[in-house]
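Protein chains: 2
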Amino acid sequence: MISNSRAAYHLHDHRRCVGAALAEARHRCAAARARLTPIREAVLRLIWESHRPVGAYQILRELPRHLGRSVQPPTVYRAIDFLVELGLVHRIATLNAYLGCPFPGREHSELFLICNQCGATAEVGDEALNAALAETVRKAGFRHHSQRIEITGLCPACAEQS
Amino acid sequence: MISNSRAAYHLHDHRRCVGAALAEARHRCAAARARLTPIREAVLRLIWESHRPVGAYQILRELPRHLGRSVQPPTVYRAIDFLVELGLVHRIATLNAYLGCPFPGREHSELFLICNQCGATAEVGDEALNAALAETVRKAGFRHHSQRIEITGLCPACAEQS
DNA sequence: TGTGAAACGTTATATTATTGCAATCAGTGC
DNA sequence: GCACTGATTGCAATAATATAACGTTTCACA
Numbered sequence: 264m265i266s267n268s269r270a271a272y273h274l275h276d277h278r279r280c281v282g283a284a285l286a287e288a289r290h291r292c293a294a295a296r297a298r299l300t301p302i303r304e305a306v307l308r309l310i311w312e313s314h315r316p317v318g319a320y321q322i323l324r325e326l327p328r329h330l331g332r333s334v335q336p337p338t339v340y341r342a343i344d345f346l347v348e349l350g351l352v353h354r355i356a357t358l359n360a361y362l363g364c365p366f367p368g369r370e371h372s373e374l375f376l377i378c379n380q381c382g383a384t385a386e387v388g389d390e391a392l393n394a395a396l397a398e399t400v401r402k403a404g405f406r407h408h409s410q411r412i413e414i415t416g417l418c419p420a421c422a423e424q425s
Numbered sequence: 264m265i266s267n268s269r270a271a272y273h274l275h276d277h278r279r280c281v282g283a284a285l286a287e288a289r290h291r292c293a294a295a296r297a298r299l300t301p302i303r304e305a306v307l308r309l310i311w312e313s314h315r316p317v318g319a320y321q322i323l324r325e326l327p328r329h330l331g332r333s334v335q336p337p338t339v340y341r342a343i344d345f346l347v348e349l350g351l352v353h354r355i356a357t358l359n360a361y362l363g364c365p366f367p368g369r370e371h372s373e374l375f376l377i378c379n380q381c382g383a384t385a386e387v388g389d390e391a392l393n394a395a396l397a398e399t400v401r402k403a404g405f406r407h408h409s410q411r412i413e414i415t416g417l418c419p420a421c422a423e424q425s
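So the protein lines, in turn, are chains A and B.
Under my numbering, residues 264 to 425 are what the first sequence spells out, in order.
Under my numbering, residues 264 to 425 are what the second sequence spells out, in order.
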């Protein structure tokens, strides 16, 4: 099992999250002969400012803080598409929002735990769960390409308060 | 395991699907002391015309066929919200579209198998999978309220052709 | 038959996302 | 250095999805 729930839901040194994400991004861009342009990096930094999914228009509004100037929607969407394509960012479909991937390139359950209260969202991967899911899908005669699991509820921190 | 993948992906007597869905809808409305108004029934029938998720604006465009007149977006969204609330219809978040639930009120994995090729979408429920998922979520310290699993790939019929 | 809540009609608008085309930039081979 | 090529970005417009606000109608129930 792989998970970033500790970091997502509790106080931690978030600069390490950001640093790791950027290092990984540079690494994967180099491997794919793709360019991490200033716009793309600014969008990635902005998405990584928290462990909460961020909407495209929120990125659009806040990007000047990182980039020093404003841009148009297609520019933001293109950057997001690029980051999603490289596996650096996930789209959280139920929220129409985007979240940094804490372990790009590694095992992917694409399982998200979205806190209803504080919005913090962790990503979890689990081999046993993937196996159970693959088996269920196979029994239905379906050929599995991609998956996405979105769970809503209360994170440990918010559950404790209630 | 509960599944409608046979019906969703293969030739079948679809009138039985529609009939069952409507009967179930009437039953659940009565139980909830809610009204299955002409608009709500027309939207439900329209959604049940196929096993493919239908967008809200497609419903809006096609509703006159069932209702004899046109309506505005809020009317369609209100009907959809009502049907979702009662568990008769699911929202497929990755497609921004809506699909009839083949077994409302019964066990819910909220697991959807969406064919990339033909669009047909089956719903599957599986106790073992739910257990594995619950365990994974619990291990992350998360308190589970709702879940939604969306799988894309090839349905048996389309896989056979390719 | 009156009454209150639910449902619906209507207008306007918010939010999310894409299209199409022109201009610019980064790397490559010469 | 210079021309070439494909990737990236700028820009204007618009498409697609969803909701807000408020008044009117309908209907179950008393």
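Glycine included, each C-beta is placed from N, C-alpha and C at the ideal position.
Measuring straight from C-alpha to C-alpha, what distance separates residue i and residue j?
| i | j | result |
| --- | --- | --- |
| B/Ala-319 | B/Thr-357 | 14 Å |
| A/Ser-313 | B/Arg-296 | 44 Å |
| B/Val-334 | A/Arg-289 | 51 Å |
| A/Glu-413 | A/Ser-266 | 14 Å |
| A/His-277 | A/Ala-284 | 11 Å |
| A/Gln-410 | B/Ser-372 | 14 Å |
| B/Ala-391 | B/Leu-330 | 42 Å |
| B/Leu-417 | A/Ala-395 | 19 Å |
| B/Pro-419 | B/Glu-370 | 24 Å |
| A/Cys-421 | B/Ala-403 | 14 Å |
| B/Cys-280 | A/Pro-301 | 53 Å |
| A/Arg-341 | A/Asn-393 | 31 Å |
| A/Phe-375 | A/Ala-294 | 27 Å |
| A/Ser-425 | B/Arg-324 | 45 Å |
| A/Leu-326 | A/Arg-332 | 8 Å |
Looking only at its chain, what residues have a beta carbon closer than 8 Å to the beta carbon of residue i, apart from the 5 residues adjacent to it on each side?
| i | result |
| --- | --- |
| B/Arg-269 | His-275 |
| B/Pro-316 | Ile-355, Leu-358, Ala-360, Tyr-361, Leu-362, Ile-377, Gly-382 and Thr-384 |
| B/Cys-292 | Arg-298, Leu-299 and Leu-349 |
| B/Phe-366 | Ile-265, Asn-267, Glu-386 and Gly-388 |
| B/Glu-287 | Leu-351, Pro-367 and Gly-368 |
| A/Ile-322 | Val-306, Leu-309, Ile-310, Val-339, Ile-343 and Tyr-361 |
| A/His-273 | Pro-419 and Ala-420 |
| A/Pro-336 | Ala-319, Tyr-320 and Leu-323 |
Keeping to the same chain, check which residues put their C-beta closer than 7 Å to that of residue i; ignore five residues upstream and five downstream.
| i | result |
| --- | --- |
| A/Cys-364 | Gly-350, Leu-351, Val-352, His-353 and Glu-386 |
| A/Leu-346 | Arg-303, Val-306, Leu-307 and Val-352 |
| A/Val-400 | His-407 |
| B/Gly-282 | none |
What residue does the alpha helix (DSSP H) around residue i start on, and which one ends it?
| i | result |
| --- | --- |
| A/His-290 | 277–294 |
| A/Arg-271 | Arg is not the amino acid found at residue 271 of chain A; the sequence shown has Ala there. It spans 268–272 - the alpha helix (DSSP H) in which A/Ala-271 sits, taken as one unbroken run. |
Counting only the same chain and skipping the five closest in sequence on each side, list residues whose C-beta sits under 6 Å from that of residue i.
| i | result |
| --- | --- |
| B/Glu-398 | none |
| B/Ala-271 | His-314, Ala-383 and Ala-385 |
| B/Arg-328 | none |
| A/Thr-415 | Ile-377 and Asn-379 |
- Item | Minimum length 4: unbroken alpha helix (DSSP H) runs contained in the region 378–418 of chain B | 390–402
Practice task
Starting from the N-terminal side, write out each stretch of the beta strand (DSSP E) that is 3 residues or longer and does not extend beyond the region 305–390 of chain A.
Solution key: 352–355, 360–363, 374–378 and 384–388
Interfacial residues, the region 393–424 of chain B to chain A, with Cβ spacing under 7 Å
Ala-395, Leu-396, Thr-399, Val-400, Lys-402, Ala-403, Gly-404, Phe-405, Arg-406, His-407, His-408, Ser-409, Gln-410, Arg-411, Ile-412, Glu-413, Ile-414, Thr-415, Gly-416, Leu-417, Cys-418, Pro-419 and Ala-422
Residues within the region 340–361 of chain B neighbouring chain A, beta-carbon criterion of under 7 Å: Ala-356 and Thr-357
- prompt: For the region 381–392 of chain A, which residues have a beta carbon sitting closer than 8 Å to at least one beta carbon of chain B?
  reply: Ala-385, Val-387, Asp-389, Ala-391 and Leu-392
* Please name the residues in the region 274–285 of chain B whose beta-carbon is closer than 9 Å to at least one beta-carbon of chain A, in chain order. => none
#### Entry: Interface positions of the region 317–333 of chain A facing chain B (Cβ-Cβ less than 7 Å), listed along the chain
none
With 7 Å as the limit, tell me which residues of the region 288–322 of chain A have their beta carbon closer than that to any beta carbon of chain B; keep them in chain order. none
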